[in-house]
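A.B. asks: For the sequence shown, position 23 (counting from the first letter as 1) is numbered 29 according to the numbering used here, and the numbering increases by one without interruption.
Sharing a structure here in structure tokens format.
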Amino acid sequence: MNEAKTEVAPSARDRHLFGPGRKRVLALDGGGVRGAISVAFLERLEQLIGEIEGRPVLLSDWFDLIGGTSTGAIIAVALALGYRASDIRALYERLGPRVFQRSIWRVFGLRAKFNAANLQQELDGIIGDRRLDTDDLKTGFCAICKRMDTGSTWIVANNPHSKFWETPSDNSYIGNRYLPLANLVRASTAAPSYFDPELIEIVKGMPRGLFLDGGVTPHNNPSLHLLLMAALPQFGLNWELGPDHLTVVSIGTGTFRTRLSADSKAWYGPLGLAIQALTSQISEAQQLVLTLMSWLGDTSTRWSINSEIGDVGLTPAPFGKQLFRFQRYDVMLESDWLKSELGVAVDQRALDSYRKLDSAENIPTLYALGQKAADKQMARVQIEQLAK
């Protein structure tokens with residue numbers, strides 16, 4: 007007599023990644039302590055979704071893929087593990103002062119500015135010893151980092167259909183599913199000069215991979231690559247395109263343009279200019295991503311890219327149709343924008359401080375700016391459209 011086979015119900019992750027229906031992506035920028043701005047938007051988003059659904063809703067229930075870079079990776083993994091946005095706010099208020107502790111013994115240029123052990127302890131407290139394949143991740147999760155020993159961007163997701171998920175029979179590498187989740191997130195936050203690089207074992211018995219912050223890739227705003235992950239068959243998801251099928255919500259950490267006058271050269275020196283140039287490059291990569299996402303997507307959020315092309319969200323998409331629905335939420339850390347959009351007057355000295363990645367004392371102010379922006383940018387009718 008044949009025994010009946012017991013069917014195993016798909017995990018929450020697999021229901022999100024491979025189940026039918028429209029799909030939603032949440033992309034979270036990097037930005038150090040400015041992640042407090044993102045948290046404010048997430049709290050507002052969670053509140054509105056709860057009102058629409060008529061019940062408390064976790065963002066891990068609502069989004070099918072949550073990905074982030076650097077501080078965005080910390081927020082993304084917490085959300086994917088089932089934390090509420092308010093829990094993450096409390097985490098930031100505790101984590102910021104502890105992680106960004108200054109020490110006179112850490113000489114800039116010779117050692118990383120901060121002790122990564124404090125950050126690792128905090129991540130271990132949130133994530134524990136879970137691997138990337140843990141069933142505790144309630145939805146799709148992705149972290150972006152830079153692997154320096156191979157010169158490649160690593161976009162690591164808990165997608166069991168991805169190419170490097172399993173360890174091959176020749177043991178030429180360790181499958182991604184076995185990688186420690188806390189170490190992957192720490193790798194995504196290993197900002198050069200701020201924290202030491204993260205070392206992760208990729209091949210048994212070989213030197214470990216050397217990882218830096220995902221912000222030094224073109225994907226400090228990860229929304230474009232998450233779109234590619236959703237749509238390109240090489241990634242194994244194959245989600246259907248079109249505004250009625252795919253939504254991408256992108257949340258920033260405060261955007262600004264790096265400016266240096268000709269007189270600044272003498273003050274900064276070669277190393278300072280190099281750091282400023284890298285910061286500017288990250289900002290320009292984010293601008294490019296926003297340009298493409300606004301042009302290719304159906305969006306009701308309006309962002310002027312620059313004085314030449316303005317808001318490309320009003321420009322007809324190529325081939326006569328938008329590929330997805332797109333919403334971008336952010337704060338411009340520019341005095342004119344803050345005054346006109348939020349009614350907040352900020353002098354240049356305070357503005358320079360708000361822009362820093364590591365000024366933990368600014369977390370309450372940054373959160374308050376995020377709240378003001380979220381109240382203005384996130385209307386219920388807009389979120390209802392995303393919920394359809």
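Even for Gly, the Cβ is constructed at its ideal location relative to N, Cα and C.
(1) How is the beta strand (DSSP E) around F217 delimited, first residue to last?
(2) Taking A33 and S313 to be in contact with their CB atoms under 8 Å, please state how far apart those CB atoms are, rounded to whole angstroms.
(3) Under 8 Å by Cβ, that's how I've got L65 and I389 pegged, so tell me the actual separation to the nearest angstrom.
(4) Taking all protein chains shown into account, do 16 or more other C-beta atoms lie within 10 angstroms of the C-beta of K345, making it buried, or fewer, making it exposed?
(5) Count the other CB atoms, across all protein chains shown, that sit within 10 Å of the CB of I206; report buried if there are 16 or more and exposed otherwise.
(6) Taking DSSP's pairing of strands, which residues face Y360 in a bridge?
(7) Counting only runs that start and end within the region 277-346, where is the beta strand (DSSP E) found for 3 or more residues in a row?
(8) Using beta carbons (cut-off 8 Å, strictly below), is G38 in contact with chain D?
(9) Classify W68 as helix, strand or coil using the three-state DSSP reduction.
(10) Quick one: what's got a C-beta closer than 6 Å to Q126's C-beta in the same chain, skipping five residues either side?
(11) Among residues of its own chain, excluding the 5 on either side of R108, which ones have a beta-carbon nearer than 6 Å to its beta-carbon?
(12) Give the single residue among T259, K119, R136 and G146 whose Cα lies nearest to the Cα of P203.
(13) Runs of 3 residues minimum, wholly inside the region 108-161: which ones carry the beta strand (DSSP E) assignment?
(14) Measuring straight from C-alpha to C-alpha, what distance separates P198 and W160?
(15) Alpha carbon to alpha carbon, how far is D381 from D141? Give it in angstroms, no decimals.
(16) So, T285 versus T264, is the Cβ gap smaller than 8 Å?
(17) Three or more C-beta pairs closer than 8 Å, one from the region 340-360 and one from the region 294-302: is that the case here?
(18) In the DSSP assignment, find the beta strand (DSSP E) that holds E204 and state where it starts and stops.
(19) Quick one: what's got a C-beta closer than 7 Å to T223's C-beta in the same chain, skipping five residues either side?
(20) With 16 other CB atoms within 10 Å as the buried threshold, where does T156 fall?
(21) Give me, in chain order, the residues of the same chain whose beta-carbon lies closer than 6 Å to that of N121; leave out the 5 immediate sequence neighbours on both sides.
(22) In the DSSP assignment, what are the bridge partners of G74?
(23) Does the Cβ of R386 have 16 or more other Cβ atoms within 10 Å, making it buried, or fewer, making it exposed?
(24) How many angstroms separate the CA atom of G60 from the CA atom of G215?
C.D. replies: Checking against the coordinates, here is how it stands:
(1) Start at 1 with the first residue of the sequence shown, and residue 217 comes out as number 211. Segment G215 to D219, the beta strand (DSSP E) holding F217.
(2) Counting from 1 along the sequence shown, the entry for residue 33 is found at position 27. Counting from 1 along the sequence shown, the entry for residue 313 is found at position 307. Actually they do not touch by this definition, with Cβ atoms about 26 Å apart.
(3) For the purposes of this step, residue 65 is identified with residue 59 of the sequence shown, where counting begins at 1. For the purposes of this step, residue 389 is identified with residue 383 of the sequence shown, where counting begins at 1. Not confirmed; about 12 Å, so no contact.
(4) Against the sequence shown, residue 345 aligns to sequence position 339. Exposed.
(5) Taking the sequence shown and counting its residues from 1, the one referred to as residue 206 is at position 200. Under this definition I206 is a buried residue.
(6) In the sequence shown, counting from the first residue as 1, residue 360 sits at position 354. Answer is none; Y360 lacks a bridge partner.
(7) 330-335
(8) This model lacks chain D altogether; it includes just one protein chain.
(9) For the purposes of this step, residue 68 is taken as residue 62 along the sequence shown, with counting starting at 1. W68 falls in the helix class under three-state DSSP.
(10) Start at 1 with the first residue of the sequence shown, and residue 126 comes out as number 120. Excluding residues within five positions, the ones whose Cβ falls inside 6 Å are R192.
(11) The residue you call residue 108 lines up with position 102 of the sequence shown. Within the same chain, R108 has no close Cβ partners at all.
(12) Reading the sequence shown from its first residue, position 197 is the one you call residue 203. The option with the nearest alpha carbon to P203 is K119.
(13) 146-153
(14) Sequence index remark: in the sequence shown, residue 198 carries index 192 (1-based). Sequence index remark: in the sequence shown, residue 160 carries index 154 (1-based). Near 16 Å, if we compare the C-alpha coordinates of W160 and P198.
(15) Against the sequence shown, residue 141 aligns to sequence position 135. Against the sequence shown, residue 381 aligns to sequence position 375. Taking the straight line joining both Cα atoms gives about 34 Å.
(16) Taking the first residue of the sequence shown as position 1, residue 285 is located at position 279. Taking the first residue of the sequence shown as position 1, residue 264 is located at position 258. Against a cut-off of 8 Å, the Cβ pair of T264 and T285 comes out as a contact.
(17) no
(18) Taking the sequence shown and counting its residues from 1, the one referred to as residue 204 is at position 198. Its beta strand (DSSP E) spans residues E204 to I206.
(19) Indexing the sequence shown from 1 puts residue 223 at position 217. Only I150, K152 and T159 meet the Cβ criterion.
(20) Residue 156 sits at position 150 when you count from the first residue of the sequence shown. So T156 counts as exposed.
(21) Counting from one through the sequence shown, the residue named residue 121 turns up at place 115. Contacts found: none.
(22) As a first step, residue 74 must be located in the sequence shown, where it is residue number 68. DSSP lists L34 and A149 as the beta-bridge partner residues of G74.
(23) Here the question's residue 386 lines up with position 380 in the sequence shown. R386 comes out exposed.
(24) Position 54 of the sequence shown, counted from the first residue, corresponds to residue 60. Position 209 of the sequence shown, counted from the first residue, corresponds to residue 215. Distance between the alpha carbons of G60 and G215: 47 Å.
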